[in-house]
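Numbering (the working numbering), first residue to last: 714 to 1164.
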């Protein structure tokens, strides 16, 4: 695997300073073990998904800075000698993973740019200067004469934004298009089409450059992936790369959690109290049509297995519904095998895992199929009606629909959970079975309190 490393330059007085942040531009070839290839990528993905969740929840910049630092320390820090390799390897593995479609590229570009932004802010001023020089940014610091001519104006802008800028520090004169973020928020002095950017605002300059380079690199990576890598690595790396973008990174729900087990007589009640919308929809469609196509059977059947429905009860449940439409003989011949297979009792005897939110969201239901994520696939009208039946209304409903509009489907599900349970869910909903387990904990706690 070819890995790119940023070469460090000797820069006068600060050449002893080595930034922790990499630019992922030019580099040597590193030998990567297959297990590192996947594990490092998963660890970095946990950081990026943590950032995505925080942004969706509207975290403030100061909160984001601490969050990014905490996420990086938790998932990406190893022994000092390994930190750099893990950083480089994980970044370029995820480039392969997320270069493969416009939607994936857009998400990766946004999350990596945000990660870079806050890691740059956490670097020392000397390290920031080194990184700026590595980018070969075409900006020159103001001369003493230029600085003196605008010093009063700089002071006025600083006071207006509540900044404590040291006016003996370095300022850069750049075209205003280079720092749209600062211009839009009125955080820089503007004169004749130029913005005067203080050293402590240099993040905006560097992030713009980083985003542009990464965007171009993702397109080039995609071309290389489709032309050579995908076919060459079809038996080794390609399956890993194609799975990583939909991998679930949380707890394993292949077995019931916290000794929660359900029986046939529980299902109707639990569907109304603790099933997430995707599973509630499948349950009602099954009751209505007495049939679900393969996608729906897999999504709903594995969910029921994960919440504790036994194989015998699962067979009885599906048999009772399907026999009303296809008859008992056809059910036994065509459908019973699949149910036993999901429980690891047929075929390769694999213990299949319930689908995560990410996998459900990424699936596209065919005509007549009811699997997938309602927050993504329902019309606005149908989604509002379905949420209303769950008891979501008023401001809560508007908040959920706002998240759906901005494609934050898991956060929409999280807000639904919070609305119907009158309880916060700080971790966010990442799995339908998590929704069920957390719902049961809250309801059981309320029942105990009431009694």
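We put the CB at the ideal spot given by N, CA and C, even for glycine.
Small disclaimer: the values here were computed from a predicted structure and weren't measured.
Legend entry - Close-in-space but distant-in-sequence residues of the same chain around residue 1016 (CB under 7 Å, 5 per side omitted): 992, 1067, 1145, 1146
Legend entry - Among 811, 838, 736, nearest to residue 797 - alpha-carbon criterion: 736
Legend entry - residue 1091, DSSP secondary structure in three states: coil
Legend entry - CA-to-CA distance, residue 897 to residue 1062, given in whole angstroms: 58 Å
Inset, instruction - Below 7 Å CB to CB, which residues in the same chain sit around residue 1078 once its five sequence neighbours on both sides are set aside? - result: 1008, 1084, 1085, 1090
Inset, instruction - Find the nearest neighbour of residue 783 within the set 802, 1005, 760, 768, judged by alpha-carbon distance. - result: 760
Legend entry - Contacting residues, own chain, Cβ-Cβ under 6 Å from residue 780 (five flanking each side not counted): 767
Legend entry - Given residue 1124 as reference, the closest of 1148, 1101, 1003, 1104 once Cα atoms are compared: 1148
Inset, instruction - Compute the Euclidean distance between the alpha carbons of residue 1110 and residue 732, then round it to the nearest angstrom. - result: 46 Å
Inset, instruction - Enumerate, from N- to C-terminal direction, the unbroken alpha helix (DSSP H) stretches of 4 or more residues contained entirely within the region 1031-1102. - result: 1041-1047, 1049-1055, 1070-1075, 1087-1090
Inset, instruction - Grab me the residues of residue 1137's own chain with a C-beta within less than 8 Å of its C-beta, minus the 5 sequence neighbours each way, in chain order. - result: 1131
Legend entry - Nearest to residue 1177 (by Cα), restricted to the options 838, 870, 884: This structure gives no information on residue 1177, because the portion of the chain shown stretches from 714 to 1164.
Legend entry - Sequence-distant residues of the same chain with beta carbon closer than 8 Å to residue 1118, five excluded per side: none
Legend entry - Rounded straight-line distance, which links the Cα of residue 933 to that of residue 847: 21 Å
Inset, instruction - Could you spell out the range, first to last residue, of the beta strand (DSSP E) harbouring residue 909? - result: 907-911
Legend entry - Pairwise C-alpha distance: residue 1047 and residue 1080: 21 Å
Legend entry - Rounded separation between residue 951 and residue 978 - CA only: 44 Å
Legend entry - 4 or more residues per run - each alpha helix (DSSP H) lying fully within the region 753-828: 774-788, 793-811
Inset, instruction - Report the rounded CA-to-CA distance for residue 1105 versus residue 1116, giving the unit in angstroms. - result: 14 Å
Inset, instruction - For the beta strand (DSSP E) holding residue 853, just list the boundary residues, first then last. - result: Neither: residue 853 is in no beta strand (DSSP E) and is coded neither H nor E.
Inset, instruction - Quick one: give me the first and last residue of the beta strand (DSSP E) that residue 743 is part of. - result: Here residue 743 belongs to no beta strand (DSSP E), and DSSP marks it neither H nor E.
Inset, instruction - Over the uninterrupted beta strand (DSSP E) stretch that includes residue 888, give me the two end residues. - result: 884-888
Inset, instruction - Just the C-alpha distance for residue 815 and residue 1070, rounded to the nearest angstrom, thanks. - result: 20 Å
Inset, instruction - Confirm, please, whether the CB-CB distance from residue 930 to residue 808 is below 8 Å. - result: yes
Legend entry - Touching by the beta-carbon criterion (3+ pairs, under 8 Å), the region 912-921 and the region 816-832: yes
Legend entry - residue 825 versus residue 763: straight-line alpha-carbon distance, rounded: 12 Å
Legend entry - Top-ranked residue by Cα proximity to residue 1035, from 1055, 1059, 1020, 1010: 1010
Legend entry - Which listed residue (982, 854, 904) has its alpha carbon closest to that of residue 863: 904
Inset, instruction - Tell me whether residue 988 sits in a helix, a strand or coil according to DSSP, three-state version. - result: coil
Inset, instruction - To the nearest angstrom, report how far apart residue 889 and residue 854 are at their CA atoms. - result: 15 Å
Legend entry - Assigned secondary structure, residue 736 (DSSP; H/G/I helix, E/B strand, else coil): coil
Legend entry - Backbone secondary structure at residue 904 - three-state DSSP: strand
Legend entry - CA-to-CA distance, residue 1021 to residue 822, given in whole angstroms: 39 Å
Legend entry - Opening and closing residue of the alpha helix (DSSP H) in which residue 1160 lies: 1145-1163
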